[in-house]
Amino acid sequence: MLNWYDQLVYIGLEVVIACLSVAGNVLVCWAVCLNSNLQSITNYFVVSLAVADITVGLLAIPFAITISTGFCANFYGCLFIACFVLILTQSSIFSLLAIAVDRYIAIKNPLRYHSLVTGHRAKGLITLCWVLSVGIGLTPMLGWNTTAAINSQICPDGMTECLFEGVVTLDYMVYFNFFGCVLVPLVVMLIIYANIFMAARRQLRLMALKVAHTPAPGEITSLSISSRSTLQKEVHAAKSLAIIVGLFALCWLPLHIINCFNHLCQECGRAHIWLMNIAIILSHANSVVNPFIYAYRIREFRQTFRRILHQHILRQRDDFRVGSGDGRSVGNSSIIQTSSHTSREGSSGGTVVNNYILDPSPDRTPPKDAHEASCYWTSTKSVSAREYFGLLCYFFSSTISELGHISKQTTEFVKSKWTFKMG
Numbered sequence: 001m002l003n004w005y006d007q008l009v010y011i012g013l014e015v016v017i018a019c020l021s022v023a024g025n026v027l028v029c030w031a032v033c034l035n036s037n038l039q040s041i042t043n044y045f046v047v048s049l050a051v052a053d054i055t056v057g058l059l060a061i062p063f064a065i066t067i068s069t070g071f072c073a074n075f076y077g078c079l080f081i082a083c084f085v086l087i088l089t090q091s092s093i094f095s096l097l098a099i100a101v102d103r104y105i106a107i108k109n110p111l112r113y114h115s116l117v118t119g120h121r122a123k124g125l126i127t128l129c130w131v132l133s134v135g136i137g138l139t140p141m142l143g144w145n146t147t148a149a150i151n152s153q154i155c156p157d158g159m160t161e162c163l164f165e166g167v168v169t170l171d172y173m174v175y176f177n178f179f180g181c182v183l184v185p186l187v188v189m190l191i192i193y194a195n196i197f198m199a200a201r202r203q204l205r206l207m208a209l210k211v212a213h214t215p216a217p218g219e220i221t222s223l224s225i226s227s228r229s230t231l232q233k234e235v236h237a238a239k240s241l242a243i244i245v246g247l248f249a250l251c252w253l254p255l256h257i258i259n260c261f262n263h264l265c266q267e268c269g270r271a272h273i274w275l276m277n278i279a280i281i282l283s284h285a286n287s288v289v290n291p292f293i294y295a296y297r298i299r300e301f302r303q304t305f306r307r308i309l310h311q312h313i314l315r316q317r318d319d320f321r322v323g324s325g326d327g328r329s330v331g332n333s334s335i336i337q338t339s340s341h342t343s344r345e346g347s348s349g350g351t352v353v354n355n356y357i358l359d360p361s362p363d364r365t366p367p368k369d370a371h372e373a374s375c376y377w378t379s380t381k382s383v384s385a386r387e388y389f390g391l392l393c394y395f396f397s398s399t400i401s402e403l404g405h406i407s408k409q410t411t412e413f414v415k416s417k418w419t420f421k422m423g
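Just so you know, UniProt numbering puts the end of the sequence shown at 423, numbered straight through with nothing missing.
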């Protein structure tokens with residue numbers, strides 16, 4: 001067990017992560033509800049991921065804090081708390097995998113994407129992800145657990161000291177949860193993203209061959225611009241995919257590697273409790289970084305975040321306004337909407353993922369009609385990191401009041417329990 005000070009530090013870090021997770025992912029859901037352009041099939045999976053991460057912040061992290069105190073509880077009540085944490089974290093992993101599969105289909109079969117990925121199938125896949133998460137998380141409740149903690153000398157008869165490893169066996173965590181439910185999705189995502197990258201390289205070679213056929217002078221310029229744009233897409237997509245896979249591995253692998261070390265090398269001695277807590281915090285931090293990866297890099301999400309900040313929070317409408325369709329783009333940023341089943345090259349040079357362009361330079365092309373103009377938002381300057389951080393701070397302050405009592409009650413409980421043990 002940690003001492004009183006270390007326990008407070010751990011609880012404080014977990015509370016901060018919980019607040020940021022709720023704030024960032026509520027912002028993602030708010031943006032999708034606010035902007036009809038974001039209400040696509042692809043964003044079904046993004047919202048599912050955001051909901052899972054919100055629940056991690058609201059429930060999984062408070063449960064993790066509670067179970068770290070080792071309070072006396074009924075064995076199956078403690079086991080359910082541990083399983084509930086597994087359900088929520090597993091649903092986040094499956095949502096990441098579903099997004100990877102969706103992107104793979106969109107890039108490999110763009111002409112058939114809408115026929116293959118329908119709204120009904122997307123909702124069915126989301127339901128399947130949650131059902132699998134519940135089944136995997138509740139497996140220890142069916143008998144794959146340890147009853148060694150029932151004989152605890154600290155708690156009264158019929159009660160057990162509620163610690164995660166006291167109720168969930170490492171056999172389950174290593175062989176089933178890690179090798180089957182974490183490592184396999186990670187390998188699958190690596191394979192998917194590698195195939196996407198190779199497909200982009202093949203398309204680049206095909207475009208280079210077309211240029212070599214000596215087309216008409218007017219076509220040479222068009223193909224050259226197209227080739228440069230495709231190269232930018234390839235580089236940007238490779239960076240985005242590397243961030244996605246790298247942060248996923250960075251957040252989840254340390255915890256499971258420690259579990260493997262504790263289980264497979266028992267004579268080596270167990271990892272220090274602080275090392276385990278750092279790994280747990282990293283796994284929970286994955287719910288914080290997801291909005292930055294899947295939302296912040298998409299231009300239309302960024303514009304919607306700015307709209308939320310100026311119109312709904314700061315109540316300012318001058319710096320961020322809806323275009324009137326006069327054929328002019330005011331400012332440095334605009335929304336570019338593309339088709340998920342056509343290859344339409346523009347001057348933006350960004351990476352197209354279904355309906356949205358990832359990053360680079362903005363397109364100054366004006367809206368073509370009144371309907372497009374209604375979604376053509378402009379600003380006097382592009383959204384800055386300061387504004388995005390300020391928006392998160394606002395949500396942080398609003399959610400801290402909801403989660404603060406959890407930290408306060410848990411801290412009082414830990415203090416009373418520690419005093420009881422010391423006495």
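Glycine included, C-beta positions come from ideal geometry on N, C-alpha and C.
- Per DSSP, the unbroken alpha helix (DSSP H) holding MET276 starts and ends at 273 to 291.
- A distance below 7 Å separates the beta carbons of VAL167 and LEU79.
- For LEU132, the CB contacts under 8 Å within the same chain, skipping 5 residues up- and downstream, are GLN90, PHE94 in chain order.
- Contact check for ILE54 against GLU14 fails: the beta carbons are separated by 7 Å or more.
- Take the alpha-carbon of SER115 and the one of VAL184: they are about 28 Å apart.
- Collapsing the DSSP output to three states places ILE154 in coil.
- The way I'd put it, the stretch 135 to 143 does touch the stretch 72 to 87; three or more beta-carbon pairs between them come closer than 8 Å.
- Counting along the chain, SER40 sits inside no alpha helix (DSSP H), nor does DSSP assign it H or E at all.
- The straight-line gap separating the alpha-carbon atoms of VAL188 and ILE154 is approximately 45 Å.
- Distance from the CA atom of ASN277 to the CA atom of TYR10, rounded to whole angstroms, is 7 Å.
- Collapsing the DSSP output to three states places CYS19 in a helix.
- With 16 or more other CB atoms across the displayed protein chains lying within 10 angstroms of its CB, ARG302 is buried.
- About 18 Å separates the Cβ atoms of SER68 and SER287, ruling out a contact at the 8 Å cut-off.
- Scanning HIS272, PRO156, PHE292, VAL47 for the CA closest to the CA of CYS72 turns up PRO156.
- By DSSP's assignment, CYS72 forms a beta bridge with GLU161.
- Put simply, the stretch 255 to 268 does not touch the stretch 28 to 42. Fewer than three CB pairs are less than 8 Å apart.
- The C-alpha of LYS210 lies about 47 Å from the C-alpha of LEU282.
- The C-alpha of HIS256 lies about 13 Å from the C-alpha of LEU186.
- In the DSSP assignment, VAL168 falls outside any alpha helix (DSSP H), carrying neither H nor E.
- With respect to VAL47, VAL26 sits apart: the two C-beta atoms are not nearer than 7 Å.
- Nearest to SER229 by C-alpha distance, out of LEU250, ARG315, LEU204, is LEU204.
- Apart from the 5 residues on each side of it in sequence, VAL56 sits with its Cβ closer than 7 Å to the Cβ of SER21, LEU88, THR89, SER92, HIS284, SER287 in its chain, given in chain order.
- Using a 10 angstroms sphere on the CB of ARG299, the tally of other CB atoms reaches 16 or more, which defines it as buried.
- C-alpha of TYR172 to C-alpha of ALA64: approximately 18 Å in a straight line.
- Between the C-alpha atoms of ILE293 and GLY77 there is a straight-line separation of about 36 Å.
- In terms of CA proximity to ILE126, LEU96 leads the group GLN7, LEU96, VAL245.
- The three-state reading of DSSP puts ARG121 in helix, counting H, G and I together.
- In this structure, the beta-carbon distance from ILE41 to ALA122 falls below 7 Å.
- For HIS310, no alpha helix (DSSP H) encloses it, and the DSSP letter there is neither H nor E.
- Inclusion of PRO254 and GLY24 in the CB contact set at 7 Å is not warranted, their separation being larger than that value.
- 7 Å or more divides the Cβ of PHE45 from the Cβ of ASP6.
- Cβ-Cβ distances below 7 Å link ASN145 to LEU79, VAL167, VAL168, THR169 in the same chain, with the five nearest sequence neighbours on each side left out; the list follows chain order.
- Separation of GLU161 and LEU8 (C-alpha to C-alpha, rounded to the nearest whole angstrom) is 19 Å.
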